[in-house]
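**Q**
Residue numbers (this note's numbering): 2 to 215.
#1: Alpha carbon to alpha carbon, how far is residue 156 from residue 75?
#2: So for residue 1, helix, strand or coil by DSSP?
#3: Compare the beta carbon distance of residue 121 and residue 151 with 8 Å and say whether it is the shorter of the two.
#4: So what does DSSP say about residue 155, is it helix, strand or coil?
#5: Using the Cβ count rule (16 or more neighbours within 10 Å means buried), how would you classify residue 181?
#6: Rounded to the nearest angstrom, how far is the Cβ of residue 94 from that of residue 102, given a contact under 8 Å?
#7: Under the three-state reduction of DSSP, which class applies to residue 208: helix, strand or coil?
#8: Classify residue 104 as helix, strand or coil using the three-state DSSP reduction.
#9: Please tell me whether residue 106 and residue 82 are closer than 8 Å, where the distance is taken between their beta carbons.
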């Protein structure tokens, strides 16, 4: 895995004491719990460049359409957009921008189960969340890693913008009608309780498997 603009963070884990000793022995510090996948240096720059451009296109497209929905129908319109249009718009933007790439938004605290992470995504999210737990704001803005089949992946970190708090902020602060709709549509919703600037998840850009060969 290559990290772009990496922060200097140490993640220490306290392990169990040796069964052969009455006194606890200090253990060596362990790194973030992520498999150390790396990409060939020959393709690294291309993955970063194309992945960043695709993530930008998706973020701009979704934010623009979300703002329109809020202007037209208020926060309820934002819920309707995310429920009915966001997944399809993600596919459309990916196809329009670069049909060879696959885009996805994912998080460990999803609202729509379709956005739940796969195994490789979960490891990346676990790593970023571990960094954030140690020092809020320390997760890198982007990183690259290999997918389950060795295909290149680019990840862009997502943070909670003020606009997002209307549907993802503290539950007590949500509009009652918004809260009612969310409870009805997403009975197992995990995506509330965020604060401004908090790490929320990632945009994942997947490249074809043959991209792993320079």
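Quick reminder that beta carbons are idealized off the backbone N, C-alpha and C, glycines included.
**A** Put simply:
#1: Using only the alpha carbons, I get a separation of about 31 Å.
#2: Nothing about residue 1 can be reported from this structure: the residues present for the chain run from 2 to 215 only.
#3: no
#4: strand
#5: exposed
#6: No, residue 94 and residue 102 are not in contact; Cβ-Cβ is about 10 Å, not under 8 Å.
#7: coil
#8: In the structure shown, the three-state DSSP call for residue 104 is strand.
#9: no
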